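Chemist: What the sequence shown shows, in the numbering used here, is residues 2 to 455, in sequence order. To start, I am sharing the structure in question, which I have written as structure tokens.
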Amino acid sequence: MSTGTEWVEDRIAADRADAARAGGAGPGSAPPPAGPHRHRRRRLDRRVRGLALPGLVAVVFVVLHVFAFPASLFSNDSYRYARSAYEYLGDTRADAQHKALVAFCKDEGNRKYRGQLLDEMKFTEPRDPKPYERCMKASEAKGLGPNDPRYERIFDTRPLYPLLAAPFVGLMGAKAGLSAVSLIFTTAGGFFLLAALRRLGLSRGLAVLGQCLFYATPLATWGTLPLAEGPLLSMLAAMLLGAVALLQGRVRTGALIYTAALAVSAGVKYSSAQMAAMIMTAAAAAMLLFVRRTRHRGTWWLFGLSAGTTAAVALVSKLMALPGTTATLQDTFSKHWTKPEVAAPWQDLFHLNHNFWWQWAQQQSLAPVIVFPLALALWGLWRRSAPLALVVTGLGATGIATVIAHPVYFQADRLYAAVWLITAAGLPILLDEVIKRAVQRRCGTAEPELGPVP
């Protein structure tokens with residue numbers, strides 16, 4: 002049996018042990034030194050806690066898109082990416098073409114059946130197998146049209162997306178495999194935007210709002226389809242993260258992220274990478290000329306990497322005889338070379354753009370679902386920082402430039418999806434500005450610097 006003294010001594014020893022484990026000190030003992038491993042563990046704990054909410058948002062996003070998978074469209078472009086993926090897996094061109102066509106025709110049959118389920122006259126009827134059979138019969142001999150070698154060449158020069166998708170296509174099938182890669186990239190794009198907003202000094206909640214906007218806008222609508230848009234839009238968000246780091250003087254980190262994003266974009270679609278690099282070259286040049294505080298190494302690196310990528314893509318395109326701007330215009334105006342080529346493609350481009358944009362303006366006047374949030378976002382970006390506005394606007398403007406090069410009305414929503422990056426980044430920044438200025442007025446303090454603005 003323990004005496005009273007022994008119980009007290011045991012209690013003191015237990016208290017000291019508990020205090021030591023908690024980082025405190027027991028009675029009569031000095032506090033233990035805080036070693037570097039303890040600081041690292043605390044930083045790691047904070048980072049894990051900080052990723053909890055963004056991780057939950059990403060999980061919900063993925064679950065919703067898995068649920069919506071049957072409603073996604075396996076398009077003509079998807080068929081060509083799937084064919085390339087099967088070729089990377091070792092299939093012959095004929096076998097790869099057949100597998101990709103089966104996937105396309107199955108999805109065509111599913112699409113017809115989904116429409117039948119909503120038809121008030123046919124929803125009780127059994128599924129009709131004829132759409133699949135007609136699709137296979139029409140295209141099995143030569144593959145899905147258009148079949149002109151010039152059109153096929155455009156997709157043969159976009160290797161990275163089907164290469165990355167090949168293992169997924171082998172395990173999950175063509176549509177699911179391509180969609181999985183797009184979903185992974187788009188999910189990562191939300192985190193890239195989150196990291197960029199946090200680097201700009203936004204609170205965790207407002208940065209997560211930016212992530213949510215990335216997932217809730219056409220950036221994700223198009224980015225999760227079995228198309229190359231997922232990697233491309235995600236890399237624009239990564240370029241934003243890299244550019245912000247460069248403008249803040251974090252040259253090594255920023256250059257690594259920015260270069261990697263441009264390289265992936267070039268592998269997916271070199272023309273889009275070149276367009277983004279050209280616009281960012283102009284944005285960096287404008288900063289160096291007109292914004293004194295950005296005349297430092299980081300901005301020069303941004304200018305050099307962008308200009309270098311523009312020149313490198315142009316050189317490689319010339320050496321490898323890749324399809325260029327003229328081929329792109331003829332592809333547009335000859336319906337993928339199913340019609341004769343036009344004599345004056347640049348004149349036709351100007352004329353079609355004139356028709357496209359005034360009708361687009363009329364549509365937006367009726368329902369400014371793009372223009373209104375875009376205007377608010379641009380206002381917030383400009384109030385925050387002119388260099389930041391130039392960077393975000395430049396990246397988003399790649400969508401506008403793509404439509405100008407391809408003013409095809411029924412594809413416009415997909416082609417200018419990148420413009421929503423301005424909204425996803427700008428609205429949280431505008432809200433941050435509003436909150437900070439409201440706090441300053443309420444507290445009667447002088448206006449401080451608004452966070453780590455590039």
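Note that beta-carbon positions come from the ideal geometry of N, C-alpha and C, so glycine has one too. Everything numeric in this text was worked out from a predicted model, so none of it was measured.
Does Asp-433 pass the burial test, meaning 16 or more other C-beta atoms within 10 Å, or should it be called exposed?
Modeler: For the purposes of this step, residue 433 is identified with residue 432 of the sequence shown, where counting begins at 1. Buried.
Chemist: Return yes when the Cβ of Val-420 is within less than 8 Å of the Cβ of Gly-395, no when it is not.
Modeler: Within the sequence shown, residue 395 is the residue found at index 394, counting from 1. Within the sequence shown, residue 420 is the residue found at index 419, counting from 1. Against a cut-off of 8 Å, the Cβ pair of Val-420 and Gly-395 comes out as no contact.
Chemist: Within 10 angstroms of the Cβ of His-66, are there 16 or more other Cβ atoms? Answer buried if so, exposed if not.
Modeler: For the purposes of this step, residue 66 is identified with residue 65 of the sequence shown, where counting begins at 1. Label assigned to His-66: buried.
Chemist: Report, in whole angstroms, the separation of the C-beta atoms of Thr-187 and Gly-231, which I expect to be a contact under 8 Å.
Modeler: Residue 187 sits at position 186 when you count from the first residue of the sequence shown. Residue 231 sits at position 230 when you count from the first residue of the sequence shown. Yes, Thr-187 and Gly-231 are in contact; Cβ-Cβ is about 5 Å, under 8 Å.
Chemist: What residue range does the alpha helix (DSSP H) around Arg-199 cover?
Modeler: What you label residue 199 is simply residue 198 of the sequence shown in a count that begins at 1. Start and end: 175 to 200.
Chemist: Is it the case that the Cβ atoms of Leu-172 and Leu-428 are separated by a distance below 8 Å?
Modeler: The count along the sequence shown starts at 1 and reaches residue 172 at position 171. The count along the sequence shown starts at 1 and reaches residue 428 at position 427. No.
Chemist: To which residues of the same chain is Gly-299 closer than 6 Å at the C-beta, ignoring the five residues directly before and after it?
Modeler: Taking the sequence shown and counting its residues from 1, one reaches residue 299 at position 298. Taken in chain order, the residues that qualify are Leu-247, Leu-248, Gly-250, Val-252.
Chemist: Around the Cβ of Gln-126, are there at least 16 other Cβ atoms within 10 angstroms (buried) or fewer (exposed)?
Modeler: For this step, residue 126 is matched to residue 125 along the sequence shown. This sequence places Glu at residue 126; Gln is not what is there. Exposed.
Chemist: Please look up how many angstroms separate the CB atoms of Leu-237 and Leu-391, rounded, as I've assumed it's under 8 Å.
Modeler: The residue labelled residue 237 in the question sits at position 236 within the sequence shown. The residue labelled residue 391 in the question sits at position 390 within the sequence shown. That pair is no contact at about 15 Å.
Chemist: Compare the Cα-Cα distances from Ala-426 to each of Ile-401, Val-393, Thr-399 and report the closest residue.
Modeler: Within the sequence shown, numbered from 1, the residue matching residue 426 stands at position 425. Comparing Cα-Cα distances from Ala-426 to each of Ile-401, Val-393, Thr-399, the minimum goes to Val-393.
Chemist: Indicate the three-state DSSP secondary structure (helix, strand or coil) for Trp-338 in the structure shown.
Modeler: As a first step, residue 338 must be located in the sequence shown, where it is residue number 337. In this structure, Trp-338 counts as coil in the three-state DSSP scheme.
Chemist: Should Lys-143 go down as buried or exposed, given a rule of 16 or more other Cβ atoms within 10 Å for buried?
Modeler: Residue 143 sits at position 142 when you count from the first residue of the sequence shown. By the neighbour-count rule (16 or more Cβ atoms within 10 Å), Lys-143 is not buried but exposed.
Chemist: Take the Cβ of Ser-307 as the centre, count every other Cβ of all protein chains shown within 10 Å, and call the residue buried at 16 or more, exposed below.
Modeler: Locating residue 307 in the sequence shown gives position 306, where the first residue counts as 1. Ser-307 is buried by the Cβ-count criterion.
Chemist: What does the alpha-carbon distance come out to for the pair Arg-384 and Asn-354?
Modeler: Translated into the one-based positions of the sequence shown, residue 384 becomes position 383. Translated into the one-based positions of the sequence shown, residue 354 becomes position 353. Near 32 Å, if we compare the C-alpha coordinates of Asn-354 and Arg-384.
Chemist: Tell me the rounded alpha-carbon separation between Pro-439 and Ile-430.
Modeler: Stepping through the sequence shown from its first residue, residue 439 is reached at position 438. Stepping through the sequence shown from its first residue, residue 430 is reached at position 429. Residue 439 is actually Ala in this sequence, not Pro. Computed Cα separation, rounded: 14 Å.
Chemist: Relative to the C-alpha of Phe-357, which candidate in Thr-399, Val-404, Pro-341, Thr-93 has its C-alpha closest?
Modeler: By 1-based counting over the sequence shown, the position of residue 357 is 356. Nearest C-alpha to Phe-357: Val-404.
Chemist: Suppose you measure from the CA of Ala-406 to the CA of Ala-284; what does that come to, to the nearest Å?
Modeler: Locating residue 406 in the sequence shown gives position 405, counting from the first residue. Locating residue 284 in the sequence shown gives position 283, counting from the first residue. About 20 Å.
Chemist: Rank Arg-94, Leu-90, Leu-74, Arg-296 by C-alpha distance to the C-alpha of Lys-113 and give the top, closest one.
Modeler: Against the sequence shown, residue 113 aligns to sequence position 112. Residue Leu-74 is the option with its Cα nearest to Lys-113.
Chemist: Is there contact between the region 191 to 201 and the region 209 to 226, where contact requires at least three CB pairs shorter than 8 Å?
Modeler: As far as the Cβ criterion goes, the region 191 to 201 touches the region 209 to 226, which means the pair count is three or higher.
Chemist: Take every Cβ of the region 97 to 108, pair it with every Cβ of the region 130 to 140, and state whether three or more of those distances are shorter than 8 Å.
Modeler: A contact exists between the region 97 to 108 and the region 130 to 140.
Chemist: Assign Arg-50 to one of three DSSP states: helix, strand, or coil.
Modeler: Counting from one through the sequence shown, the residue named residue 50 turns up at place 49. Note: Arg-50 maps to helix in three-state DSSP.
Chemist: Quick one: grab the DSSP three-state call for Tyr-417.
Modeler: Mapped onto the sequence shown, residue 417 falls at position 416. Looking at Tyr-417 - three-state DSSP - the assignment turns out to be coil, as it is neither helix nor strand.
Chemist: Assign Phe-411 to one of three DSSP states: helix, strand, or coil.
Modeler: For the purposes of this step, residue 411 is taken as the residue at position 410 of the sequence shown. Note: Phe-411 maps to helix in three-state DSSP.
Chemist: To the nearest whole angstrom, what separates the beta carbons of Ala-166 and Tyr-271, a pair I think is in contact under 8 Å?
Modeler: Counted from its first residue, the sequence shown places residue 166 at position 165. Counted from its first residue, the sequence shown places residue 271 at position 270. Between Tyr-271 and Ala-166 the Cβ distance is about 18 Å, and since that is not below 8 Å, they are no contact.
Chemist: Between Leu-195, Val-170, Gly-224, which lies nearest to Gln-183 when the distance is taken from Cα to Cα?
Modeler: Taking the first residue of the sequence shown as position 1, residue 183 is located at position 182. What sits at residue 183 in the sequence shown is Ser, not Gln. Checked all of Leu-195, Val-170, Gly-224; the closest Cα to Ser-183 is Gly-224.
Chemist: If we count the other Cβ atoms within 10 Å of its Cβ and call it buried at 16 or more, is Phe-70 buried or exposed?
Modeler: Within the sequence shown, numbered from 1, the residue matching residue 70 stands at position 69. Per the 10 Å Cβ criterion, exposed.
Chemist: What is the rounded straight-line gap between the Cα of Gly-325 and the Cα of Ser-318?
Modeler: Counting from 1 along the sequence shown, the entry for residue 325 is found at position 324. Counting from 1 along the sequence shown, the entry for residue 318 is found at position 317. When rounded, the distance between both Cα atoms is 7 Å.
Chemist: Near Ile-258, what residues of its chain come up, given a Cβ to Cβ distance below 7 Å and the 5 sequence neighbours on each side ignored?
Modeler: As a working note, residue 258 is residue 257 in the sequence shown. So the list reads Ala-239, Leu-242, Gly-243, Ala-246, once near-sequence residues are dropped.
Chemist: DSSP three-state call for Ile-155: helix, strand or coil?
Modeler: Along the sequence shown, one-based indexing puts residue 155 at 154. Residue state, collapsed to three classes: helix.
Chemist: Can you grab the Cα-Cα spacing for the pair Glu-121 / Gln-275, in whole Å?
Modeler: Indexing the sequence shown from 1 puts residue 121 at position 120. Indexing the sequence shown from 1 puts residue 275 at position 274. Rounded to whole angstroms, Glu-121 to Gln-275 spans 49 Å at the Cα level.
Chemist: Starting from the Cα of Leu-145, find the closest Cα among Lys-176, Lys-100, Leu-375 and give me that residue.
Modeler: To locate residue 145, count along the sequence shown from 1; it is residue 144. The option with the nearest alpha carbon to Leu-145 is Lys-100.
Chemist: Here's a check: name, in chain order, each residue in its chain whose Cβ is nearer than 6 Å to the Cβ of Tyr-152, leaving out the five neighbours to either side.
Modeler: By 1-based counting over the sequence shown, the position of residue 152 is 151. Answer for Tyr-152: His-337, Trp-338, listed in chain order.
Chemist: Mapping the DSSP letters down to three states, classify Ile-436 as helix, strand or coil.
Modeler: Locating residue 436 in the sequence shown gives position 435, counting from the first residue. Helix, per DSSP.
Chemist: Whose C-beta lies closer than 6 Å to the C-beta of Met-281 among residues of the same chain, with five residues either side of it excluded?
Modeler: By 1-based counting over the sequence shown, the position of residue 281 is 280. Within the same chain, Met-281 has close Cβ partners Ser-307, Gly-395.
Chemist: Report yes if the C-beta distance between Ala-304 and Leu-290 is below 8 Å; otherwise report no.
Modeler: Taking the first residue of the sequence shown as position 1, residue 304 is located at position 303. Taking the first residue of the sequence shown as position 1, residue 290 is located at position 289. Position check: residue 304 holds Phe in this sequence, whereas Ala was assumed. No; because the gap between Cβ atoms is not below 8 Å, this pair is not in contact.
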